[in-house]
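Undergrad:
Chains as they are written, first to last, in the working numbering: chain A, 9 to 146; chain B, 9 to 146; chain C, 9 to 146.
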């Protein structure tokens with residue numbers, strides 16, 4: 009069994025942001041040489057996500073509006089978590105979008121449908137944060 | 009390590025639909041003979057889900073009403089993604105229900121609690137779409 | 009390949025409750041001796057979750073208020089599932105918080121960011137229920 013690990017670092021310029029990390033994950037796959045197995049990609053922070061969806065700007069805008077409606081940032085004082093913090097909403101947005109994805113590796117490739125792309129989803133940005141890539145297989 | 013892959017195809021007659029795929033996943037397990045390992049089942053499309061819950065018609069009705077409330081289809085023009093598309097809501101519903109499940113395989117069986125069943129969740133149906141079954145183990 | 013399985017049992021005193029199970033998962037890791045691999049932790053019941061977030065009481069309070077708003081328990085009669093049941097809302101809360109987590113194992117440890125903790129999330133408590141820990145690796 010081969011195992012492989014890599015951290016990806018981010019510092020987004022705004023509070024909420026989606027970064028397409030598919031090319032980085034493909035590089036990890038090429039580096040480790042696993043032909044059959046699984047890749048786990050997860051946020052290492054609890055106010056961010058890794059998710060799979062479409063790389064389309066209109067949709068990303070819609071996601072931001074929708075998440076803000078389901079878990080509004082303001083009023084910050086509406087959350088008990090926000091004592092010295094202002095990111096309770098980010099902990100909620102991250103639960104809707106999910107912490108992690110697990111993707112099949114088949115013949116050395118991400119085994120994806122036609123539009124699947126992997127995103128790092130940031131909900132409390134403007135600081136350095138990480139995602140983890142872990143690959144196991146043969 | 010054994011690895012196994014299969015695609016399941018769907019074409020649901022309506023926009024939103026839940027299909028119990030547990031028997032198909034059990035067949036995949038029997039085919040590959042893995043006794044100990046993991047099975048990943050994921051939607052290969054970004055407007056559908058694979059999730060685990062109850063096979064109960066009342067609950068499925070409740071899910072549909074609830075998802076429609078959280079991420080309404082109408083008005084289609086309320087979403088920027090809907091330029092030549094009308095499925096922005098389906099991208100949101102899928103995030104709530106999730107893209108994938110990972111299930112333990114123990115002694116050649118899905119290691120399930122009493123009511124767990126695996127569903128393909130469709131949010132933009134009436135066309136052919138796929139889910140992926142990937143098994144790794146021994 | 010090593011495979012390891014353990015059930016964790018819970019009986020929470022209230023309907024909604026979050027239990028930090030990180031120490032139990034670390035004990036499982038120590039028991040099986042896997043150095044590189046994956047651990048899957050999932051609810052075995054369809055009205056509970058396993059999720060990763062912060063062990064902070066204010067946040068847990070905020071989660072409870074938020075989940076109750078997104079999927080209210082009352083009125084029980086508002087759900088078709090609630091014929092002889094009163095837990096339709098719990099099936100929804102669990103979808104938002106998720107069924108399972110998959111965590112990387114690196115050098116015999118949970119490969120975690122600074123604040124990641126694993127929780128059993130109960131949405132229909134006051135009875136005995138289970139989570140599954142499955143580890144595969146080497």
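Heads up, the beta-carbon is just placed ideally off N, CA and C, and yes, glycines get one too.
Since residue 112 of chain A contacts residue 13 of chain B with CB under 8 angstroms, what's their CB separation in whole angstroms?
TA: 7 angstroms
Undergrad: Could you tell me the alpha carbon to alpha carbon distance between residue 60 of chain B and residue 71 of chain B, rounded to whole angstroms?
TA: 13 angstroms
Undergrad: Under three-state DSSP, which class holds residue 138 of chain C?
TA: strand
Undergrad: Assuming residue 144 of chain A and residue 45 of chain C make a contact with CB atoms under 8 angstroms, what is their CB distance in whole Å?
TA: 6 angstroms
Undergrad: Short check: CB of residue 87 of chain B to CB of residue 96 of chain B, under 8 angstroms?
TA: yes
Undergrad: Using a cut-off of 8 angstroms between C-beta atoms, extract the partners of residue 98 of chain C located in chain B.
TA: Neighbours of residue 98 of chain C on chain B: none; closest Cβ ~10 angstroms, over 8 angstroms.
Undergrad: Short of 9 angstroms Cβ to Cβ, which residues in the stretch 78-91 of chain A face chain C?
TA: 78, 79, 86, 87, 88, 89, 90 and 91
Undergrad: Just to make sure I have the definition right: I need the residues of chain A whose C-beta is within less than 8 angstroms of the C-beta of residue 50 of chain C. Which are they?
TA: None at all; the shortest Cβ gap to chain A is about 12 angstroms.
Undergrad: Of all the beta strand (DSSP E) runs that stay within the bounds of the stretch 47-74 of chain B, which reach a length of 3 or more residues?
TA: Fully enclosed beta strand (DSSP E) runs of 3 or longer: 56-61.
Undergrad: Taking only the alpha-carbon atoms, compute the straight-line gap between residue 25 of chain B and residue 100 of chain C and give it to the nearest angstrom.
TA: 16 angstroms
Undergrad: Is any beta-carbon of chain B found at less than 8 angstroms from that of residue 105 of chain A?
TA: yes
Undergrad: Short check: CB of residue 135 of chain A to CB of residue 19 of chain A, under 8 angstroms?
TA: It is a contact, given that the beta carbons lie within the stated cut-off.
Undergrad: Return the bridge partner residues of residue 27 of chain C from the DSSP annotation.
TA: According to DSSP, which records beta bridges pairwise, residue 27 of chain C is partnered with C:128.
Undergrad: Does chain C have any CB closer than 8 angstroms to the CB of residue 110 of chain B?
TA: So, interface residue.
Undergrad: If we ignore side chains and look at the alpha-carbon of each, how far apart do residue 65 of chain B and residue 80 of chain C end up?
TA: 20 angstroms
Undergrad: Identify each residue in the stretch 118-137 of chain A for which the Cβ-Cβ distance to at least one residue of chain C is less than 7 angstroms, and report them in chain order.
TA: none
Undergrad: Determine the chain A residues that contact residue 11 of chain B at a beta-carbon separation under 9 angstroms, and present them in chain order.
TA: 43, 44, 45, 112, 113, 114, 145 and 146
Undergrad: Pop quiz: residue 75 of chain C and residue 104 of chain C are said to be a contact at Cβ under 8 angstroms. What is the actual Cβ separation, rounded to whole angstroms?
TA: Correct: roughly 7 angstroms between the Cβ atoms.
Undergrad: List the residues of chain A whose Cβ lies closer than 7 angstroms to the Cβ of residue 198 of chain B, in chain order.
TA: Outside the shown range of chain B (9 to 146) lies residue 198 of chain B, about which nothing can therefore be said.
Undergrad: Give the DSSP-derived three-state secondary structure of residue 13 of chain B in the structure shown.
TA: Residue state, collapsed to three classes: strand.
Undergrad: Just to confirm my understanding: we take residue 110 of chain A, look at its own chain, exclude 5 residues before and 5 after, and list those with CB closer than 6 angstroms. What are they?
TA: 46 and 48
Undergrad: Step through the CB atoms of chain C and report whether any lies within less than 8 angstroms of the CB of residue 54 of chain A.
TA: yes
Undergrad: Tell me the DSSP bridge mates of residue 117 of chain A?
TA: Under DSSP, residue 117 of chain A takes part in a beta bridge, and its partners are A:114.
Undergrad: Hey, does residue 59 of chain A have any beta-carbon neighbour from chain D nearer than 8 angstroms?
TA: In summary, chain D is missing from the structure at hand, where the protein chains are A, B and C.
Undergrad: Quick one: give me the first and last residue of the alpha helix (DSSP H) that residue 96 of chain A is part of.
TA: 96-105
Undergrad: Can you check whether the CB of residue 106 of chain B is closer than 8 angstroms to the CB of residue 106 of chain C?
TA: The answer is yes: Cβ separation under 8 angstroms.
Undergrad: Under a three-way DSSP split, which group does residue 133 of chain A fall into?
TA: coil
Undergrad: Name the DSSP bridge partner or partners of residue 144 of chain A?
TA: A:11 and A:46
Undergrad: Near residue 84 of chain A, what residues of its chain come up, given a Cβ to Cβ distance below 7 angstroms and the 5 sequence neighbours on each side ignored?
TA: 90 and 94
Undergrad: Have a look at residue 118 of chain B and residue 10 of chain C and give me their C-alpha separation to the nearest angstrom.
TA: Taking the CA atoms as reference points, residue 118 of chain B sits about 18 angstroms from residue 10 of chain C.
Undergrad: Below 6 angstroms CB to CB, which residues in the same chain sit around residue 124 of chain C once its five sequence neighbours on both sides are set aside?
TA: 60
Undergrad: If we cut at 8 angstroms on Cβ distances, does residue 74 of chain C have a partner in chain A?
TA: Cβ-Cβ to chain A under 8 angstroms: yes for residue 74 of chain C.
Undergrad: Please list, in chain order, the residues of the stretch 13-26 of chain C that have any C-beta partner in chain A closer than 7 angstroms.
TA: none
Undergrad: Strictly below 9 angstroms CB to CB, what residues from chain B border residue 94 of chain A?
TA: Under the 9 angstroms cutoff, chain B gives no residues; its nearest Cβ is about 24 angstroms from residue 94 of chain A.
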